[in-house]
Amino acid sequence: MLFDILDILGTIAFAISGVLTALHKRLDPFGVFIIAFVTAVGGGTLRDVLIGNTPVGWMLDMKYLYCIAGAVVFALLFRKRLSYLRTSLFLFDTIGLGVFVLVGIEKGLNIGLHPIICIALGTMTACFGGVIRDILSNEIPVIFRKEIYATACIAGGVMFFGLHLLNMNQQVLYIATALTIVVIRLLAVKYKLELPSFYKD
Amino acid sequence: MLFDILDILGTIAFAISGVLTALHKRLDPFGVFIIAFVTAVGGGTLRDVLIGNTPVGWMLDMKYLYCIAGAVVFALLFRKRLSYLRTSLFLFDTIGLGVFVLVGIEKGLNIGLHPIICIALGTMTACFGGVIRDILSNEIPVIFRKEIYATACIAGGVMFFGLHLLNMNQQVLYIATALTIVVIRLLAVKYKLELPSFYKD
Amino acid sequence: MLFDILDILGTIAFAISGVLTALHKRLDPFGVFIIAFVTAVGGGTLRDVLIGNTPVGWMLDMKYLYCIAGAVVFALLFRKRLSYLRTSLFLFDTIGLGVFVLVGIEKGLNIGLHPIICIALGTMTACFGGVIRDILSNEIPVIFRKEIYATACIAGGVMFFGLHLLNMNQQVLYIATALTIVVIRLLAVKYKLELPSFYKD
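Each protein sequence line maps, in turn, to chains A, F and P.
Oh and the first sequence: position 36 is 36 in the UniProt record's numbering, straight run, nothing missing.
Oh and the second sequence: position 161 is 161 in the UniProt record's numbering, straight run, nothing missing.
Oh and the third sequence: position 87 is 87 in the UniProt record's numbering, straight run, nothing missing.
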């Protein structure tokens, strides 16, 4: 139940981040909606397609479509004032990361995939909506260039399977994984951490 | 039968629009063919992948490949004179929209998806070949920026399910849906209609 | 067995070509790994998704992930000296083309698809990792613009089915197909062959 609420909050935050990107690119209303939609569900859709879990999730559970549509309307109406919500949106977005990684890992475990593949699926669920958003917006995906984002997801996944080995119960697993992701992400943003660079300027 | 002919005309028109984009980007013959192909079948392919209808349609019915190959050769041979065919091509393209939306809606209905998802599948079938074409050509998809195109498809889908509720027979459904799409598209182009803009210059 | 070794050599060569592209685009370590990964397995992944062979191959056989990870680390450590390996890498890359085309053709044959579709699947397996790499790097795919690359794959596929008609045994088929691809590719690079151009400058 709590998990479902966090899932929805994350979806909404992802959708709104899509709206902001789309407005920045001056897209029309249809474009804004599509970018918001793929940002929110694109990662999970890619995951479902790659593991053969079709029809993909958002086609079978209408709540995602409704929440995203609501978030788009809200974000468009209040787009001049979204900056007041910046902290909340950032928080929901970070919670979304944690929840989506867990969803992806569970989908992989359910069909007996290797832990490393499960971590990849979790990271994909959390991060590849943003990748598709950037491709559709004709940008090199931002998570390939900077920001500790995928790294936080991978660290959370490693934590998950570390505790899994120790036979922790599911609740501990979930909370520790999500907390790992949230804390790394918050620290990374606070201290402007990036992955070490290969390039000297 | 008529439906099949219209389907083919639409496929050809979509393929030729792909050829024109590819020539504009100065692609080589292989690139021209691939862009024509994805423009023509990319929307249906994405739909099939997302609903799990695999192998995707064009792998099982060779007529699409042959028609597209023929259209590409034709368009390349007569590329200096395609402007004489502009009106016909525009008409076929618009007919294609109508037919492809119907195909997508039917695929969704067949597996019991929600009407809104069916409309999304219809719109995807009609419009996402062009989106993939634009991504491969390194452009922000044109239907995200301007043109009443997806909007016409969505309106057609709404018409379909409105009449469906009224228990109209299939033929009426099909004709009314396709006409809605064609008329909105024609009016939009004639009067240069666009979706309302969020941006002031 | 030999086939498996060649498959791995090709995968490694493709991954390293991905690393080089990613470094050129100044991506961070995560971006470098993802680009290397999609370059190496993206073509096969797209093929598996389109024919419904899911979970896709690299999720079930961990050797691809390990080889790619190893290749990425190697390429990053020795990136200043990779130019000494240029000839070997080019050779492995070309071997990869031959092997991947054969893998794709066999996957299509196994589910009874038309020979032309099998050739398309082989070409896709060999070439579309590079296409996805270029899209993620915000470039028009290089094989749409120049280079005899896909053409060599298609020619190999035609050779395969030509000999297939003549009831040649599998070993002859495989060797002749791979040789056709390798020889065309080598000649094309040596003599700087390109597909004929539609454009005059």
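Backbone N, C-alpha and C fix where the C-beta goes; we use that ideal spot for every residue, glycine too.
None of the values given here were measured: they were computed from a predicted structure.
Relative to the alpha-carbon of F92(P), which residue among E194(P), K190(P), I8(P), Y191(P) has its alpha-carbon at the smallest distance? I8(P)
Might you give, ordered along the chain, the residues of its own chain that have their beta carbon closer than 8 Å to the beta carbon of V19(F), omitting 5 neighbours on each side? V32, I35, A36, A71, V72, A75, L76, R79
Anything in chain F within Cβ reach of R26(A), meaning under 9 Å, just list it in chain order. R145, S197, F198, Y199
Keeping to the same chain, check which residues put their C-beta closer than 6 Å to that of G98(A); ignore five residues upstream and five downstream. A178, I181, V182
Burial state of G129(P) (16 or more Cβ within 10 Å): buried
For E139(P), return the contacting residues in chain F, with the cut-off set at a CB-CB distance below 7 Å. N138
Would you please state the rounded distance, in angstroms, between the beta carbons of residue 202(F) and V38(F)? I believe it to be under 8 Å. Nothing about residue 202(F) can be reported from this structure: the residues present for chain F run from 1 to 201 only.
At 9 Å on the CB atoms, spell out the chain F contacts of V41(A), in chain order. The contacting residues do not exist; V41(A) stays about 11 Å from chain F at best.
Taking C153(P) as the reference, which of L50(P), G96(P), F30(P) has the closest Cα? G96(P)
Under DSSP, the alpha helix (DSSP H) around E106(P) begins and ends at which residues? 86-110
Which residue comes first and which comes last in the alpha helix (DSSP H) that contains P29(F)? 29-51
Confirm, please, whether the CB-CB distance from L89(P) to I143(P) is below 9 Å. no
Buried or exposed: where does D61(P) fall if 16 or more other Cβ atoms within 10 Å of its Cβ makes it buried? exposed
Below 6 Å CB to CB, which residues in the same chain sit around Q170(A) once its five sequence neighbours on both sides are set aside? none
Report the residues of the stretch 53-70 of chain F with a CB closer than 7 Å to any CB of chain P, ordered along the chain. T54, P55, V56, M59, M62, L65
So is M124(A) buried or exposed if we call it buried at 16+ other beta carbons inside 10 Å? buried
Rounded separation between K146(F) and A120(F) - CA only: 19 Å
Can you say whether V101(F) is buried or exposed, counting buried as having 16 or more other CB atoms within 10 angstroms of its CB? buried
Delimiting residues of the alpha helix (DSSP H) encompassing T151(A): 150-165
Under a Cβ-count criterion, where at least 16 other Cβ atoms within 10 Å of its own Cβ denotes burial, should N53(P) be classed as buried or exposed? buried
Please check if any C-beta of chain P sits within less than 9 Å of the C-beta of V49(A). yes
So is K63(A) buried or exposed if we call it buried at 16+ other beta carbons inside 10 Å? exposed
Give me the chain P residues within the contact set of I135(F), using Cβ-Cβ distance strictly less than 7 Å, ordered along the chain. I135
Going by other Cβ atoms of all chains shown within 10 Å of its Cβ, with 16 needed for buried, is G44(P) buried or exposed? buried
Backbone CA spacing between G57(F) and D48(F) [nearest angstrom]: 7 Å
Can a CB atom of chain F be found closer than 9 Å to the CB of G94(P)? At residue 94(P) the sequence reads Thr, which differs from the Gly that was named. Taking Cβ atoms only, chain F never reaches closer than 9 Å to T94(P), which makes this a no.
Quick check on G104(P) - is its C-beta less than 9 Å from some C-beta in chain A? no
If you check the beta carbons only, do G104(F) and A69(F) fall under 9 Å apart? no
Helix or strand or just coil, what does DSSP make of I132(F)? helix
Name the two residues that bound the continuous alpha helix (DSSP H) containing D7(F). 2-24
Inspect the beta-carbon positions of A155(P) and F30(F) and report whether they are closer than 9 Å. no
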